[in-house]
Amino acid sequence: MTSRQEANGTWTSQFRYEDAYGRSRSKCKRGFATEADADRFERHFKARESKSLDISFLDFIELYEDDVAPQLKENTWRTKEYIINDKLVPFFGPMIMTEVTTLDAVRWQNALLKGNPRTGRPYTDTYLRTVNNQAVSIFNHAERFYKLKPNPFKRAPRIGSKIATDMSIWTKEDFLRFSSTLTGRPIYFMAFELLYWAGIRVGELLALVPDDFDLRRSELRITKSYQRINRRDVITDPKTENSVRTISLPEFLRDEVRDFAFDPPGFDHDERMFAGLTKASLSAALREGAQACGLEVIRVHDLRHSHVSLLVEMGFSVIAIAERLGHDSTDITLKYAHLLPSTQQKMGEALNGYQEADDELL
Numbered sequence: 487m488t489s490r491q492e493a494n495g496t497w498t499s500q501f502r503y504e505d506a507y508g509r510s511r512s513k514c515k516r517g518f519a520t521e522a523d524a525d526r527f528e529r530h531f532k533a534r535e536s537k538s539l540d541i542s543f544l545d546f547i548e549l550y551e552d553d554v555a556p557q558l559k560e561n562t563w564r565t566k567e568y569i570i571n572d573k574l575v576p577f578f579g580p581m582i583m584t585e586v587t588t589l590d591a592v593r594w595q596n597a598l599l600k601g602n603p604r605t606g607r608p609y610t611d612t613y614l615r616t617v618n619n620q621a622v623s624i625f626n627h628a629e630r631f632y633k634l635k636p637n638p639f640k641r642a643p644r645i646g647s648k649i650a651t652d653m654s655i656w657t658k659e660d661f662l663r664f665s666s667t668l669t670g671r672p673i674y675f676m677a678f679e680l681l682y683w684a685g686i687r688v689g690e691l692l693a694l695v696p697d698d699f700d701l702r703r704s705e706l707r708i709t710k711s712y713q714r715i716n717r718r719d720v721i722t723d724p725k726t727e728n729s730v731r732t733i734s735l736p737e738f739l740r741d742e743v744r745d746f747a748f749d750p751p752g753f754d755h756d757e758r759m760f761a762g763l764t765k766a767s768l769s770a771a772l773r774e775g776a777q778a779c780g781l782e783v784i785r786v787h788d789l790r791h792s793h794v795s796l797l798v799e800m801g802f803s804v805i806a807i808a809e810r811l812g813h814d815s816t817d818i819t820l821k822y823a824h825l826l827p828s829t830q831q832k833m834g835e836a837l838n839g840y841q842e843a844d845d846e847l848l
């Protein structure tokens with residue numbers, strides 16, 4: 487690298503490069519805080535100008551972040567960044583992008599399929615698909631914008647599945663047993679009532695303020711989500727566009743919300759109602775309550791799955807359930823396919839009864 491330190495302590499990056507037409511050019515940029523920052527600028531600039539990927543996977547990830555991160559929510563990028571650093575960099579990090587082969591991709595997949603090396607436990611099918619999709623996304627980006635050829639993941643198999651067959655579910659009776667352990671803990675009782683009976687996400691719960699409720703209509707409006715990022719409380723838009731939705735509340739749940747937050751008023755109209763809770767504290771309370779009444783310990787997010795299971799059992803359509811949860815109906819079908827056969831059986835039985843009724847008229 488050709489970086490140099492100036493008298494004022496800052497660093498300057500000055501170098502020559504070849505543009506897209508093969509002409510030799512010079513570039514100079516000043517004011518970098520560190521030598522590493524100046525060197526990073528040179529690497530990225532040359533890669534963009536020449537569309538050359540004779541750089542390491544680790545260096546390309548810096549380019550990928552510059553291109554992709556500004557277009558994503560901060561928490562979304564943080565999730566992707568964790569997967570990249572934990573699952574991809576240890577394997578692909580030092581490899582030159584143009585030298586990564588399909589066999590390398592398959593070997594990386596096989597290592598994932600062996601499970602978590604720290605715990606020895608296998609990864610879930612949905613997590614495997616998420617991690618694999620992240621790798622595919624990186625190499626597709628390199629192919630599309632930096633002319634990487636060949637793309638090693640084009641011929642690699644897909645691993646994992648979109649269909650979550652490993653989710654844990656509580657029945658209504660299970661949840662009622664659990665909620666009975668929350669006597670004397672009103673904030674936890676109210677939080678878990680909303681998670682189970684409204685099927686909202688944890689981030690949506692933690693962002694709720696009194697203004698989100700219309701008690702006259704018995705409705706809850708979901709318009710935002712809470713995240714804890716780098717020790718900061720961050721309110722973001724919901725997970726997807728479909729996540730902005732209005733949820734009809736059963737009367738008993740509406741009355742519980744009224745008693746908790748409105749009668750008497752316990753919060754300002756725009757004050758977070760569950761600011762005293764965190765994902766960790768909710769998980770701990772769920773585990774403690776489950777163990778106290780002899781239930782399978784599930785994740786907090788599994789209460790959302792349990793809500794779907796309850797709605798399926800009650801006979802609601804996939805489209806109606808998707809609208810309530812803020813999902814696309816296709817996502818619901820894929821994610822909860824294993825819950826739907828009982829509904830299909832009921833359809834078959836109903837059609838059989840309908841046909842038998844016609845036979846009696848003949």
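Per our numbering, the sequence shown starts with residue 487, numbered consecutively.
Every residue, glycine too, gets a C-beta built ideally from N, C-alpha and C.
- Gly834 places its beta carbon 7 Å or farther from that of Arg731.
- Going by DSSP, Ser647 is part of no beta strand (DSSP E) at all; its letter is neither H nor E.
- Short of 7 Å from the beta carbon of Leu549, and not among the five residues preceding or following it, lie these beta carbons of its own chain, in chain order: His530 and Ala533.
- Pairing Ser711 with Thr722 gives a Cβ-Cβ distance under 7 Å.
- For Leu706, the enclosing beta strand (DSSP E) covers residues Glu705 to Ile708.
- Where Phe518 is concerned, the enclosing beta strand (DSSP E) starts and stops at Ser510 to Phe518.
- By alpha-carbon distance to Leu763, the top candidate from Gly685, Met676 and Arg790 is Met676.
- Its Cα nearest to that of Ile686, the residue Ala808 stands out among Glu551, Ala808, Asn619 and Gln557.
- In the DSSP assignment, Ile807 falls within the unbroken alpha helix (DSSP H) covering Val804 to Leu811.
- Thr565 sits in a helix when the DSSP states are folded into three classes.
- C-alpha of Arg509 to C-alpha of Gly517: approximately 27 Å in a straight line.
- Lys513 and Trp497 have their C-alpha atoms spaced approximately 14 Å apart.
- In the three-state reduction of the DSSP assignment, Arg714 falls in the strand class, which pools E and B.
- Sorting Asp525, Tyr613 and Glu742 by C-alpha distance to the C-alpha of Lys573 places Tyr613 at the top.
- In the three-state reduction of the DSSP assignment, Phe699 falls in the strand class.
- A straight line joining the alpha-carbon of Asp545 with that of Gly752 spans about 52 Å.
- Per the coordinates, the alpha-carbon of Ile569 lies some 7 Å from the alpha-carbon of Val617.
- Per DSSP, Ser729 is not a residue of any beta strand (DSSP E), being assigned neither H nor E.
- A check of alpha carbon separations from His787 across Leu797, Tyr682, Ser734 and Gly601 identifies Tyr682 as the nearest.
- Cβ atoms of Ile784 and Ser665 stay farther apart than 8 Å, at about 14 Å.
- Between the alpha carbons of Ala597 and Thr605 lies a gap of roughly 14 Å.
- Glu567 and Asp741 have their C-alpha atoms roughly 42 Å apart.
- With contact defined as three or more Cβ pairs closer than 8 Å, the region 635-652 and the region 767-778 are not in contact.
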